[in-house]
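A.B. asks:
Residue numbers (the numbering used here): 232 to 718.
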């Protein structure tokens with residue numbers, strides 16, 4: 232056993248699934264009833280706008296925002312043409328209706344990302360409608376087994392679904408011919424019913440929804456040696472057992488109902504780990520630390536030695552800190568579900584062998600990551616560039632919203648800066664309007680500074696404008712807010 236288990240905390244409002252490896256939380260999946268993800272769902276869409284300049288189109292799928300479909304994700308009319316070789320205006324036109332599948336959830340101000348290369352997964356196989364090839368998962372490395380599985384699935388396809396293609400999943404490694412045949416017939420039946428529903432459905436209708444989170448996680452944990460699965464909802468436990476008996480029979484005996492009075496996530500202090508995963512700073516055992524910053528374009532990770540001074544020379548201290556950081560970054564990327572471009576600023580190393588070992592440590596830390604990653608070597612500037620496929624929002628974006636005080640900037644103007652802005656505003660207003668008195672409404676910190684350290688400047692300003700200035704503390708104002716009122 233690997234010491235890997237799934238903990239499922241299920242309520243009517245929210246489902247949370249934690250992947251714990253050797254007692255440490257490494258992944259967290261959250262699905263809320265009001266904000267359920269739509270990756271994998273299939274819709275009957277309608278093209279509302281074609282954008283030749285972006286080689287893409289916007290498609291109405293019945294959601295709040297139109298979804299995005301790039302030309303490279305549209306099946307070509309000419310099978311001899313390579314994927315993405317035709318211009319969008321040759322593939323689609325406004326008002327056209329078509330079946331599309333969501334590959335990325337809506338994120339921020341962006342709509343969902345779509346493809347017309349539709350896939351429908353089952354336990355051992357993935358159906359690729361109207362395609363004629365059979366592929367085998369790269370995780371099945373034995374050449375003889377790959378050849379056997381390809382031959383079996385090609386025979387089943389010719390017999391049951393000759394017009395479709397299939398991908399053989401990693402789970403099929405131990406599947407017999409009967410199990411593969413069951414999956415082939417099951418997927419063909421799903422696709423036929425899906426097409427039937429799509430024919431009569433209006434544009435903007437969902438015609439196929441992926442499984443709920445708890446079943447989907449089990450299905451996608453193919454190849455993971457789970458020691459056990461614990462669920463704190465008896466109703467969900469029964470659903471998972473029924474699902475497992477049908478699709479994952481080898482896992483059924485390891486599924487348990489957790490009846491304890493203590494919350495299931497308290498078993499491994501998971502809620503505390505979630506709180507730490509929302510903070511910028513991650514402490515390392517050595518005394519060093521990491522700083523994570525998410526921006527619209529990328530995520531940056533900075534490594535610092537902090538209080539770690541080591542026992543030998545500086546280069547050795549830096550190397551050990553970077554090695555520990557590489558392992559921590561691998562875990563944090565999974566836990567925080569950070570995707571897109573990621574730039575890691577390791578502490579500068581002079582030894583090329585040290586650089587190689589740090590990169591290897593990062594690769595090893597990401598080996599168990601189910602999401603595709605790509606890592607580049609250390610750049611001339613000492614940075615490591617990598618990508619991690621992004622299909623859903625990060626943990627921070629799922630659980631948090633921008634600060635209403637700073638608007639997500641992460642900082643506020645100082646009280647001194649606001650005082651000087653206020654002075655300029657008073658001068659601007661006095662030149663435009665006649666008034667007997669000015670009243671300044673601002674936060675406590677700004678008014679305290681005006682009446683104390685800036686009192687001489689305030690007296691000089693009041694003498695210059697020639698009218699009295701009164702002050703009023705507004706407790707609901709942030710430090711940056713103020714108003715100048717004429718009386």
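Quick reminder that beta carbons are idealized off the backbone N, C-alpha and C, glycines included.
Would you identify the three-state DSSP class for residue 246, choosing helix, strand or coil?
C.D. replies: What you label residue 246 is simply residue 15 of the chain shown in a count that begins at 1. In this structure, residue 246 counts as strand in the three-state DSSP scheme.
A.B. asks: So, with DSSP's three-state summary, where would you put residue 236?
C.D. replies: Numbered from its first residue, the chain shown carries residue 236 at position 5. Strand.
A.B. asks: Could you check the C-alpha separation between residue 656 and residue 701 for me, to the nearest Å?
C.D. replies: What you label residue 656 is simply residue 425 of the chain shown in a count that begins at 1. What you label residue 701 is simply residue 470 of the chain shown in a count that begins at 1. Rounded to the nearest angstrom, the two C-alpha atoms are 15 Å apart.
A.B. asks: Compare the Cα-Cα distances from residue 222 to each of 565, 673, 633 and 588 and report the closest residue.
C.D. replies: Not covered by the structure: residue 222. The range shown for the chain is 232 to 718.
A.B. asks: In chain order, which alpha helix (DSSP H) runs of at least 4 residues are fully inside the stretch 461 to 504?
C.D. replies: 465 to 478
A.B. asks: For residue 334, does the three-state DSSP call read helix, strand or coil?
C.D. replies: Against the chain shown, residue 334 aligns to sequence position 103. The answer is strand: DSSP assigns residue 334 an E or B state.
A.B. asks: If residue 201 and residue 306 are in contact, beta carbons under 8 Å, what's the gap, nearest whole angstrom?
C.D. replies: Here the chain has residues from 232 to 718 only, and residue 201 is not among them.
A.B. asks: Nearest-angstrom Cα distance between residue 593 and residue 607?
C.D. replies: On the chain shown, residue 593 is found 362 positions in, with the first residue counted as 1. On the chain shown, residue 607 is found 376 positions in, with the first residue counted as 1. Approximately 11 Å, taken between the alpha carbons.
A.B. asks: Under a Cβ-count criterion, where at least 16 other Cβ atoms within 10 Å of its own Cβ denotes burial, should residue 288 be classed as buried or exposed?
C.D. replies: In the chain shown, residue 288 corresponds to position 57, counting from 1. The residue is buried, with at least 16 neighbouring Cβ atoms inside 10 Å.
A.B. asks: Hey, quick one: how far does the beta strand (DSSP E) through residue 512 stretch, first residue to last?
C.D. replies: For the purposes of this step, residue 512 is identified with residue 281 of the chain shown, where counting begins at 1. Counting along the chain, the beta strand (DSSP E) containing residue 512 begins and ends at 512 to 514.
A.B. asks: Could you check whether residue 574 and residue 553 sit closer than 9 Å to each other, using their CB atoms as the reference points?
C.D. replies: Locating residue 553 in the chain shown gives position 322, where the first residue counts as 1. Locating residue 574 in the chain shown gives position 343, where the first residue counts as 1. No, they are not a contact pair.
A.B. asks: Note the first and the last residue of the continuous beta strand (DSSP E) segment covering residue 399.
C.D. replies: Counted from its first residue, the chain shown places residue 399 at position 168. Counted as a single uninterrupted DSSP element, the beta strand (DSSP E) harbouring residue 399 occupies residues 396 to 399.
A.B. asks: Any contact of the stretch 360 to 369 with the stretch 271 to 286, i.e. 3+ C-beta pairs under 8 Å?
C.D. replies: With the rule of 3 Cβ pairs closer than 8 Å, the stretch 360 to 369 does not count as touching the stretch 271 to 286.
A.B. asks: When we look at the beta-carbon of residue 686 and count the other beta-carbons within 10 Å, is it buried (16 or more) or exposed?
C.D. replies: In the chain shown, residue 686 corresponds to position 455, counting from 1. Classification for residue 686: exposed.
A.B. asks: Hey, which unbroken runs of the beta strand (DSSP E) at 3 residues or more fall wholly within the stretch 567 to 630?
C.D. replies: 571 to 576, 604 to 609 and 614 to 619
A.B. asks: Pull up the distance between the alpha-carbon of residue 232 and that of residue 456, whole angstroms please.
C.D. replies: Stepping through the chain shown from its first residue, residue 232 is reached at position 1. Stepping through the chain shown from its first residue, residue 456 is reached at position 225. Because the pLDDT of residue 232 is 41, which lies under 50, any placement of that residue in the model is unreliable, and the number read from its coordinates should be weighed accordingly. Distance from the CA of residue 232 to the CA of residue 456, rounded to the nearest whole angstrom, comes to 7 Å.
A.B. asks: Alpha carbon to alpha carbon, how far is residue 619 from residue 663?
C.D. replies: Along the chain shown, read from residue 1 onward, the residue named residue 619 stands at position 388. Along the chain shown, read from residue 1 onward, the residue named residue 663 stands at position 432. One C-alpha to the other measures close to 56 Å.
A.B. asks: Which residue marks the beginning of the beta strand (DSSP E) containing residue 410, and which one marks its end?
C.D. replies: For the purposes of this step, residue 410 is taken as residue 179 along the chain shown, with counting starting at 1. Per DSSP, residue 410 belongs to no beta strand (DSSP E); it is in the alpha helix (DSSP H), 408 to 431.
A.B. asks: Does residue 451 come out as helix, strand or coil in the three-state DSSP assignment?
C.D. replies: Position 220 of the chain shown holds residue 451. Reduced to three states, the DSSP call for residue 451 is helix.
A.B. asks: Excluding the five sequence neighbours on either side, which residues of its own chain have a C-beta within less than 6 Å of the C-beta of residue 613, listed in chain order?
C.D. replies: To locate residue 613, count along the chain shown from 1; it is residue 382. Excluding the 5 residues flanking it on each side, residue 613 has same chain C-beta neighbours closer than 6 Å at 579, in chain order.
A.B. asks: From what residue to what residue does the beta strand (DSSP E) around residue 525 run?
C.D. replies: Position 294 of the chain shown holds residue 525. Judged by DSSP secondary structure, residue 525 falls within the beta strand (DSSP E) whose first and last residues are 520 to 525.
A.B. asks: Using three-state DSSP, classify residue 262 as helix, strand or coil.
C.D. replies: Translated into positions along the chain shown, residue 262 becomes position 31. Residue state, collapsed to three classes: strand.
A.B. asks: Which residue from 334, 587, 483 and 291 puts its Cα closest to that of residue 436?
C.D. replies: Numbered from its first residue, the chain shown carries residue 436 at position 205. Comparing alpha-carbon positions, the option among 334, 587, 483 and 291 lying closest to residue 436 turns out to be 291.
A.B. asks: Distance check for residue 625 and residue 549, CA to CA, integer angstroms please.
C.D. replies: Position 318 of the chain shown holds residue 549. Position 394 of the chain shown holds residue 625. If I take the Cα positions, the gap works out to 30 Å.
A.B. asks: Let's see if you can read the secondary structure: which residues bound the alpha helix (DSSP H) around residue 327?
C.D. replies: Working through the chain shown from its first residue, we reach residue 327 at position 96. Counting along the chain, residue 327 falls outside any alpha helix (DSSP H), and DSSP gives it neither H nor E.
A.B. asks: Could you name the residues of the same chain whose beta carbon sits closer than 8 Å to that of residue 432, not counting the 5 residues immediately before and after it, in chain order?
C.D. replies: Residue mapping note: residue 432 aligns to position 201 of the chain shown, counting from 1. For residue 432, where only same-chain residues beyond five positions count, the Cβ hits under 8 Å are 275 and 438.
A.B. asks: Is the beta carbon of residue 674 closer than 9 Å to that of residue 705?
C.D. replies: One-based indexing of the chain shown puts residue 705 at position 474. One-based indexing of the chain shown puts residue 674 at position 443. Yes; because the gap between Cβ atoms is below 9 Å, this pair is in contact.
A.B. asks: In the DSSP assignment, what are the bridge partners of residue 252?
C.D. replies: Translated into positions along the chain shown, residue 252 becomes position 21. Its beta-bridge partners are 235 and 255.
A.B. asks: Classify residue 506: buried if its beta carbon has 16 or more other beta carbons within 10 angstroms, exposed otherwise.
C.D. replies: On the chain shown, position 275 is the one that residue 506 refers to. Exposed.
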